[in-house]
Amino acid sequence: MRMFEVTGVGSCLVTDYKSENIDLFKPDDEIIVYEDFEELIEKLSWLKNHPDDLKKISIAGQKRTLSTHTYKQKAEMLNYYLQNLLNKH
306 MRMFEVTGVG SCLVTDYKSE NIDLFKPDDE IIVYEDFEEL IEKLSWLKNH PDDLKKISIA
366 GQKRTLSTHT YKQKAEMLNY YLQNLLNKH
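Per my numbering, residue 306 is the first one in the sequence shown, and the count goes up by one each step.
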């Protein structure tokens, strides 16, 4: 949930690597992911020194959230899933 809040308001999300993250966003294009402390420091330093890229990543993450990860879209997916389950019985 926090991933969508951060990206939805146009901030750059920096988070630890999890397979779920890459299913939801494109790493290093829409969010920043790291696997260990050293990589975190490296990526934060890079973002600090590349503000234009930071802005591009922030905007891309926001676009992904607003186009794919809204409550409306999730509710529609859930409804579709439940309707399929009900129609099987």
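Heads up, the beta-carbon is just placed ideally off N, CA and C, and yes, glycines get one too.
How far does the alpha helix (DSSP H) with residue i in it extend, from its first residue to its last?
i           : result
residue 385 : 376-392
residue 361 : 356-373
What's the gap between the Cα of residue i and the Cα of residue j?
i           : j           : result
residue 374 : residue 343 : 30 Å
residue 398 : residue 383 : Look at the range of the chain in this structure, 306 to 394, and you will see that residue 398 is not part of it.
residue 352 : residue 318 : 11 Å
residue 308 : residue 372 : 14 Å
Which of the three DSSP states is assigned to residue i in this structure?
i           : result
residue 314 : coil
residue 321 : strand
Terminal residues of the continuous beta strand (DSSP E) containing residue i?
i           : result
residue 337 : 337-339
Using 10 angstroms around the beta-carbon of residue i, count the other beta-carbons present and answer buried if the total reaches 16, otherwise exposed.
i           : result
residue 362 : buried
residue 367 : buried
residue 314 : exposed
residue 327 : exposed
residue 346 : exposed
residue 251 : This structure does not reach residue 251, given that the chain is present from 306 up to 394, and the question cannot be answered.
Report the residue from the options whose alpha carbon sits nearest the alpha carbon of residue i.
i           : options               : result
residue 357 : 334, 388, 386 and 378 : 334
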